[in-house]
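For the sequence shown, full-length UniProt numbering gives the first residue as 1, with consecutive numbering after it.
Only one structure is covered here, and it is reproduced in the block below.
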Amino acid sequence: MPPAEARKFKVAVIGGGPAGLMATEVLVNGGAQVDVYDAMPSLGRKFLMAGKGGLNLTHAEAMPEFIARYGARSEQVASWLADFDATALRTWVHDLGIETFVGSSGRVFPAEMKAAPLLRAWLHRLRAGGAKFHVRQRWTGWNAQGALRFATPGGEKSVAAAAVVIALGGGSWARLGSDGAWVPLLAARGVDIAPLRPSNCGFDVNWSEHFRSRFTGHPLKNIALSHTDAQGNVLHRQGEFVISAHGVEGSLIYAFSARLRDAIEAQGSTIVHVDLVPAKSLQRLSEEIAHPRGARSMASHLQSRAGIRGVKAGLLRECASRDDYANPARLAAAIKSLPMTLVSPRPLDEAISSAGGICVDALDAQLMLRQLPGVFCAGEMLDWEAPTGGYLLTACFASGRKAGQGVLNWLLSRH
């Protein structure tokens, strides 16, 4: 749309996270008048939290593998990434004056590792382009005349807009604004919404009090995890996770979280197998354990022959049976494939992200709601999920861009 044409239109963007701000950028560049509304006292709060430990913007792996990370929604997300992929995202970040680098794992980070400099530069550019930001403005639906309703510190207000982009996140981290409060508002308008569920989350394990008290907070490093789903498909990966008071959490657990959650929903619980010494074969480990230990305790024997100590020794005692310890071959097998039963995912509000949301069929190709012409949606409130590693942020940015362009296309087609 020529900027002069778009300037006639006032567009409201609800949600000041990555998806909403990217839609804002597209709209501002297209010449539209854009007002951004957010319920929190400042914008991008979850984005800033994500950057506290080092902002993982995207991933440098090849696109076929990258797209496959989105599982059942790969085709949908691929249509967003076609216009704004990982390479385009890095270029965009560089244009904001932020350098990036690729870590040893292929993850891409800003040079300073923080989200705040990027967000500041981005908001400055958007303001310079004419975007207006309104904080402490909680969207509460529509009034009888079709105007947007907002609860503000000064009372309720109504806003008329030619089009709307809603990018309010999923249901995790409610204290940062991603609280799922939009679900009943859209459901009441006939929008199909899949229930929000935890993704990239920890899981509960029924630890003994002895194990919990001794090892909560301890990381299990240099281990491998495997899980077999109902169809017999095995996922096996090396990495690390952390023992929590409730069960397990951490990067390796998050990588498995979608399939583990689905298995628990279907079966009531699920079993993962932990390889405590992936660098040693079962045969070599069996030989090491079978070696005479003389007067040494079994704990000392396992530490010297197999490197099993600390939290690894504790987990082995927690999950292996007495009979396993009585037989070197069985004990070696337990160390290489220690069964650990997960009974439930942690609550949604503790999860890094959420699955579920607005169903694919409720949206057209430009991310406009079929039930509500002129209302576009983007980001984590749509029904897709991805593992950590930069995939979540990349798709949020790309979907915001898609929705913003969709608004411009829709306005042009009608006027």
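Just so you know, even glycine gets a beta-carbon here, dropped at the ideal spot from N, CA and C.
Quick caveat: nothing in here was measured; it's all calculated off a predicted structure.
According to the DSSP assignment, HIS301 belongs to the alpha helix (DSSP H) that extends over 298-306. In this structure, ALA403 lies near ALA378, with their beta-carbon atoms less than 7 Å apart. Separation of VAL165 and VAL11 (C-alpha to C-alpha, rounded to the nearest whole angstrom) is 8 Å.
Per the coordinates, the alpha-carbon of LEU21 lies some 34 Å from the alpha-carbon of GLU240.
Distance check between ARG214 and each of THR100, LYS312, ALA121 places LYS312 closest, using alpha-carbon atoms only. Looking at the DSSP output, GLU156 shares a beta bridge with ALA151. Setting aside the 5 residues that flank it on each side, ALA187 is surrounded in the same chain by ILE193, each with a C-beta closer than 6 Å to its C-beta; the list follows chain order. Judged by their CB atoms, THR270 and LEU342 are nearer to each other than the 7 Å cut-off. With the rule of 3 Cβ pairs closer than 8 Å, the stretch 276-284 does not count as touching the stretch 171-180. Check the Cα spacing between LYS221 and each of GLN238, VAL205, ARG212: the tightest is with GLN238.
In the structure shown, the three-state DSSP call for THR24 is helix.
Where HIS273 is concerned, the enclosing beta strand (DSSP E) starts and stops at 270-275. The alpha-carbon separation between ARG120 and LEU43 amounts to approximately 10 Å. Here the stretch 339-354 lies against the stretch 195-210, with 3 or more beta-carbon pairs under 8 Å apart.
As DSSP reads the structure, LYS132 sits in a beta bridge with ASP35. Around the CB of PHE101, fewer than 16 other CB atoms lie within 10 Å, so the residue is classed as exposed. SER213 sits in a helix when the DSSP states are folded into three classes.
Straight across, the Cα-Cα distance linking THR140 with PHE150 is about 6 Å. Under the three-state reduction of DSSP, ASN222 is assigned to strand. The straight-line gap separating the alpha-carbon atoms of SER244 and LEU392 is approximately 24 Å. Around the beta carbon of ASN56, 16 or more other beta carbons lie within 10 angstroms, which makes this residue buried.
In the DSSP assignment, HIS236 falls within the beta strand (DSSP E) that extends over 234-243. Taking C-beta atoms as the reference points, PHE211 and GLU318 count as a pair closer than 7 Å. By the C-beta criterion, the stretch 122-132 is judged to be in contact with the stretch 34-51, since at least 3 inter-stretch pairs fall below 8 Å.
According to the DSSP assignment, TRP80 belongs to the alpha helix (DSSP H) that extends over 74-81. Runs of the beta strand (DSSP E) lying entirely within the stretch 318-369, each at least 3 residues long, are 338-342, 353-358 in chain order.
Here ALA295 is exposed, its C-beta having fewer than 16 other C-beta atoms within 10 Å.
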